[in-house]
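One structure is given here, and the rest of the page talks about it.
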Amino acid sequence: MPTILEELAGAPVRPTVYSKVNGTVRILVPLFLSLGVLFVKDIPSTLLLILVSLFFVAVAGVPLRFLKSYLLLVISLSAFIVLSFVLFTQVPGNVLFSATLLSLKAERGLWEWKLVVTDAALTKAGFFIARILAMILVATIFVATVSDRDIVWGLRRLGLPAGLAVSASLFFRGLSFFVSDFFTVREAMMARGVDFEKTGLAKRFLLYANALIPLLSLMVTRSLEISLALESRGIAPSTRFSAKYHRDRLTLLDVFFLAVAVATTVLLAWWSLWLQWR
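Just so you know, we're using my numbering here: the sequence shown kicks off at 12 and counts up by one.
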């Protein structure tokens, strides 16, 4: 079955060794890595999480063109993060560069707005940027390796209620419908003469806000259709179904990938506690 990434962005993920891994393991790996994001407290631990995430991204066969779009997002966020630390806050540390941008004389003295670059500010900015990159990579691992069916049967094998498993699967399927409807509405607006490329940022925001009206209408209609379809098949939030026919034995490959994710999370948790105790 197509993965969530294929449903959302239409980016095909080539079959690799990781494609043969148990569906439950493919859910647990990004889950443990996302827990690791909570434990990173400095740049070295964040870099470790990034390296492990890149390993799983490479093994999963995620297309590079999909990662390029996220790279542009990280670069844009990095610029805003660095500017916020050097323009709007003064982080104590060794001053590497300082310049006065604006100075005003007042009754109580001289007010100055300075651009101050310190080593601590660059360290904090680098940490936040690396953490955002790690979060994006972990999310990419999940959407690029898990399908709707994996979510349903994987969550059932983990002991979660059937209603919750189906709801989680329908949530991601609904996202793919929303993205598809968005591009349909956007193409319809362009066919009527709307040029998104040449319009300003403020006007473009208003155009997208206007596009939300038909999108919300379509979302309500699709939700009603899905509810009726589930009801016609006798599926309700209280429905119970067994997952014993979908239980595959864990192979050595499954154990290896799961062990890497668990070991990374445990190591990051230990590193976080060590930083607090030292």
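C-beta atoms are modelled at their ideal positions from N, C-alpha and C, and glycine is treated no differently.
All values reported here derive from a predicted model rather than from experimental measurement.
- In terms of CA proximity to glycine 104, Val127 leads the group Val127, Thr111, Ala90 and Leu279.
- Rounded to whole angstroms, the Cβ separation of valine 196 and serine 45 is 32 Å, and the two are not in contact under 8 Å.
- Collapsing the DSSP output to three states places glycine 137 in a helix.
- In this structure, the straight-line span from the alpha carbon of serine 89 to that of phenylalanine 139 is close to 8 Å.
- Excluding sequence positions up to five before and after valine 32, its CB lies within less than 7 Å of the CB of Leu264, Asp265 and Phe268, all in the same chain and listed in chain order.
- Collapsing the DSSP output to three states places leucine 107 in a strand.
- By the Cβ test, the region 180-191 is in contact with the region 225-239, since at least three Cβ pairs between them sit closer than 8 Å.
- Glutamate 123 is bridged by DSSP to Ser114.
- In the structure shown, valine 24 falls within a coil segment according to DSSP collapsed to helix, strand and coil.
- Between the beta-carbon of isoleucine 38 and that of aspartate 161 there is about 7 Å, and that keeps the pair under the 8 Å contact cut.
- With contacts defined as CB atoms closer than 9 Å, threonine 14 and alanine 155 qualify as a contacting pair.
- Counting only residues of its own chain and dropping the five nearest sequence neighbours on each side, leucine 115 has a CB closer than 7 Å to the CB of Trp122.
- Residue environment analysis places tryptophan 288 among the exposed positions, since fewer than 16 neighbouring C-beta atoms fall within 10 angstroms of its C-beta.
- Taking 8 Å as the upper bound for CB-CB distance, valine 85 and isoleucine 143 are in contact here, some 6 Å apart.
- Of the residues Ile92, Phe108, Val106 and Ala173, the one whose Cα lies closest to the Cα of alanine 141 is Ile92.
- Within the DSSP bridge table, the entry for serine 158 names Thr14 as partners.
- Between lysine 135 and glutamine 101, the CB-CB gap reaches or exceeds 9 Å.
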